[in-house]
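In what follows, a structure is listed as structure tokens, so that the remarks can point back to it.
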Amino acid sequence: FYIMHIENRPLKFSSITHHASVTQCLGSIGGHVWYLGVAKSSIVDSNEIKDGTSKKIVQSPSGHSYVPPAIEDVQVFKVAGSKFLKLNRGTWHAGPLFKAAAIDFYNLELSNTNVSFSHSPFLGHWRVACILVHLQCSL
């Protein structure tokens, strides 16, 4: 558990991430209004992978496989008040996004989640944080 101080998160995003091995819980301190883009988990069991599949299956450096979400599969939710959201293992998410200049958030995850449990393909390049997929979304 830790507190994230986040500044300047406008109501648009161009990438989305997931944590393949852990859940995450998130809530604003003070009940401020914020937004979160989400898509269902698309982690693929290695037993489900078949030759000739029509899905674009990607294998992460950590070994798990996933299908990047399509932009039409991403939904954005407005969160207001004293709510704490739980993102299940593998849930794609973008945000938190907000109109305020800055908001502090409770974040319930391991402090090394973004290093130990996920990876980052972003625009075709791997980074060492989370799995990111390029999207273009505005609220």
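Okay, so the sequence shown: first residue is 3 according to the working numbering, each after it adds one.
Beta carbons are placed, not taken as given, at the ideal position from N, Cα and C, and that holds for glycine.
Anticipated Cβ contact below 8 Å, residue i with residue j, distance rounded
{"i": "residue 38", "j": "residue 81", "result": "6 Å"}
{"i": "residue 95", "j": "residue 20", "result": "7 Å"}
{"i": "residue 15", "j": "residue 110", "result": "Actually they are not in contact, since the Cβ atoms of residue 15 and residue 110 sit about 22 Å apart, beyond 8 Å."}
Alpha-carbon spacing of residue i relative to residue j, whole angstroms
{"i": "residue 23", "j": "residue 103", "result": "32 Å"}
{"i": "residue 50", "j": "residue 32", "result": "44 Å"}
{"i": "residue 45", "j": "residue 68", "result": "4 Å"}
{"i": "residue 6", "j": "residue 89", "result": "17 Å"}
{"i": "residue 29", "j": "residue 60", "result": "31 Å"}
{"i": "residue 87", "j": "residue 66", "result": "25 Å"}
{"i": "residue 77", "j": "residue 41", "result": "6 Å"}
{"i": "residue 106", "j": "residue 97", "result": "13 Å"}
{"i": "residue 8", "j": "residue 48", "result": "36 Å"}
{"i": "residue 85", "j": "residue 27", "result": "10 Å"}
{"i": "residue 1", "j": "residue 93", "result": "With the chain represented from 3 up to 141, any question about residue 1 goes unanswered, as that position is not in the structure."}
{"i": "residue 36", "j": "residue 70", "result": "24 Å"}
{"i": "residue 25", "j": "residue 58", "result": "24 Å"}
{"i": "residue 62", "j": "residue 10", "result": "30 Å"}
{"i": "residue 4", "j": "residue 91", "result": "19 Å"}
{"i": "residue 83", "j": "residue 64", "result": "37 Å"}
{"i": "residue 17", "j": "residue 74", "result": "14 Å"}
Paired residues, beta bridge with residue i - DSSP
{"i": "residue 142", "result": "Because the chain is modelled from 3 through 141, residue 142 falls outside the range shown and cannot be assessed."}
{"i": "residue 28", "result": "87 and 109"}
{"i": "residue 66", "result": "Looking at the DSSP assignment, residue 66 forms no beta bridge with any residue, so it has no partner."}
{"i": "residue 163", "result": "No information on residue 163 is available, as it lies outside the stretch 3 to 141 that the chain covers here."}
{"i": "residue 9", "result": "104"}
{"i": "residue 79", "result": "38"}
Under the three-state DSSP convention, the category residue i falls into
{"i": "residue 59", "result": "coil"}
{"i": "residue 118", "result": "Residue confidence for residue 118 is low, a pLDDT of 45 falling below 50, so the modelled location carries little weight and cannot support an answer."}
Residue i Cβ short of 7 Å to the ligand GTP heavy atom set
{"i": "residue 46", "result": "The ligand GTP is absent from the structure shown, which contains no ligands of any kind."}
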